[in-house]
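In full-length UniProt numbering, the protein residues as written are 1 to 218.
Below, the structure written as structure tokens:
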């Protein structure tokens, strides 16, 4: 774990920098495009079926980095959590994070694919934990920020609210990749997790295919 300089009385005098996480060569910063916290969490494996597959919450520091990016934690919150962690405890949280992600993908994917809801049995313990640890402030849930599992609770509750709410029927799977997203277009016609990513790529592939077909025509 990274050490932090301290003054003579033991108080922290410098924050750990959590705003950046070094990515391997060729791996992009994860796009956040699903339009819902739970679905964005489900999409934290980039290029899941391709050659550049990368898990953006493979370790606890990466989980904190993602939580910072989506606004669930402040830099100070993330620093405190990082200081409290230890390898074994962090490994347990990451294992649970992956289980939560799998449950959300199963549930959201079943809806997007037009099937009966699946994954509720796997998701239910995470929702229960989120409720058990929540306090209400101005009728909104808030969670203690000193628990290592704190980043998972807002995600679990967001998944429950999405799956049981009126927008569940707007969960879709991208036409160009396995990611799920919430279609918030007026006519419910969105097809891509992101037009700039999968939409452009898919259109380019169709264009190349059409050109190749024209070349072989007599």
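Cβ coordinates follow ideal geometry from the N, Cα and C atoms, glycine included.
Computed from a predicted model, the values in this text were never measured in an experiment.
query: Determine the direct distance from the alpha carbon of residue 54 to that of residue 103, and round the result to whole angstroms.; result: 19 Å
query: Taking DSSP as the reference, what is the three-state secondary structure of residue 102?; result: helix
query: In this structure, how does DSSP classify residue 173 when only helix, strand and coil are distinguished?; result: strand
query: Determine the direct distance from the alpha carbon of residue 183 to that of residue 171, and round the result to whole angstroms.; result: 6 Å
query: Take the Cβ of residue 50 as the centre, count every other Cβ of all protein chains shown within 10 Å, and call the residue buried at 16 or more, exposed below.; result: exposed
query: Does the stretch 131–149 come into contact with the stretch 86–97, if we say contact requires no fewer than three beta-carbon pairs (one atom in each stretch) closer than 8 Å?; result: yes
query: Where do the N-terminal and C-terminal ends of the alpha helix (DSSP H) with residue 135 fall, by residue?; result: First-last for residue 135: 135–137, but that is the beta strand (DSSP E), not the alpha helix (DSSP H).
query: Let's see if you can read the secondary structure: which residues bound the alpha helix (DSSP H) around residue 166?; result: No alpha helix (DSSP H) holds residue 166; DSSP gives it neither H nor E.
query: Return the bridge partner residues of residue 142 from the DSSP annotation.; result: 135
query: Would you mind listing the alpha helix (DSSP H) stretches within the stretch 29–83 that are 4+ residues and don't spill past its ends, in chain order?; result: 37–42, 60–69
query: Below 7 Å CB to CB, which residues in the same chain sit around residue 178 once its five sequence neighbours on both sides are set aside?; result: 48, 49
query: Along the beta strand (DSSP E) that carries residue 182, what are the first and last residues, could you check?; result: 180–182
query: Measuring CA to CA, which of 141, 62, 80, 114 is closest to residue 154?; result: 141
query: Between the C-alpha atoms of residue 32 and residue 70, what's the straight-line distance to the nearest angstrom?; result: 8 Å
query: Classify residue 185 as helix, strand or coil using the three-state DSSP reduction.; result: coil
query: Who are the Cβ neighbours of residue 122 in its own chain at under 6 Å, not counting the five residues just before and after it?; result: 103
query: Return the chain-ordered list of same chain residues with a C-beta closer than 8 Å to the C-beta of residue 168, the five sequence neighbours on each side being excluded.; result: 111, 162
query: Given residue 89, which residues of its chain have a CB within under 7 Å of its CB, disregarding the five upstream and five downstream residues?; result: 148
query: Helix, strand or coil, according to DSSP, for residue 88 in the structure here?; result: helix
query: Could you pull out every residue in the same chain whose Cβ sits closer than 6 Å to the Cβ of residue 30, ignoring the five residues on either side in sequence?; result: 46, 56
query: According to DSSP, is residue 124 part of a helix, a strand, or is it coil?; result: helix
query: What would DSSP say about residue 207, mapped onto helix, strand or coil?; result: Residue confidence is low: residue 207 scores 34 on pLDDT, short of 50, so the model does not pin down where it sits. Its coordinate-derived value is still stated next. Helix.
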